[in-house]
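See below for the structure under consideration.
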Amino acid sequence: MKTHLIRYAAWLAWNDLGRRVRALIRNRRDARAAAASTLSPGEQREPMKPVAVKSALIDAVYFSQEDGRLRVCLSNGEDRTFEGVNEAHVIAMVTSQSPGKYYMRNVRPASSVSPPERGRIGAFSVISRVQSW
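Note that this note's numbering has the sequence shown beginning at 3, numbered continuously upward.
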């Protein structure tokens with residue numbers, strides 16, 4: 003029985019380490035993108051605010067009320083950004099019993115249409131899908 007507990011603790015530690023590494027990579031990429039921004043100060047958008055979420059599938063959620071941009075950072079390292087998202091959808095996702103299931107049922111099916119870089123998808127407009135690994 004003790005070996006199962008040790009394996010489980012090791013698995014939890016490994017997953018936590020993976021989340022931290024992905025967060026560091028995401029922060030570094032965001033910092034580089036902000037530094038290399040070619041927009042003038044008047045054209046720059048308001049930065050997206052982080053929204054607290056506890057999910058095994060979703061690492062982080064960022065949302066901007068100004069223009070309805072939503073960024074979902076998945077635990078596999080993939081980032082998806084949407085435009086024109088209503089705040090009620092974001093609140094429903096992060097407060098649901100399983101935010102990952104909500105994302106899989108309501109957001110992801112719409113974004114599986116190609117091309118993934120741009121296009122109108124259901125209620126949201128997909129801006130980009132980024133694989134960070």
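Glycine included, each C-beta is placed from N, C-alpha and C at the ideal position.
Quiz prompt | Reference Ser57, options Arg31, Lys103 and Ala25, closest by Cα | solution = Lys103
Quiz item: DSSP state of Asp81, grouped into three classes?
Solution: If DSSP states are grouped into helix, strand and coil, Asp81 belongs with the strands.
Practice problem: Pull up the DSSP beta-bridge partners for Pro52, would you. | Solution: Tyr64
Practice problem: Determine contact between the stretch 59-78 and the stretch 13-31, defined as no fewer than three beta-carbon pairs at a distance below 8 Å. | Solution: yes
Quiz prompt | Option nearest Gly70 by Cα separation, candidates Glu89, Met106 and Thr97 | solution = Glu89
Quiz prompt | Burial state of Met106 (16 or more Cβ within 10 Å) | solution = Answer is exposed; the Cβ neighbour count stays below 16.
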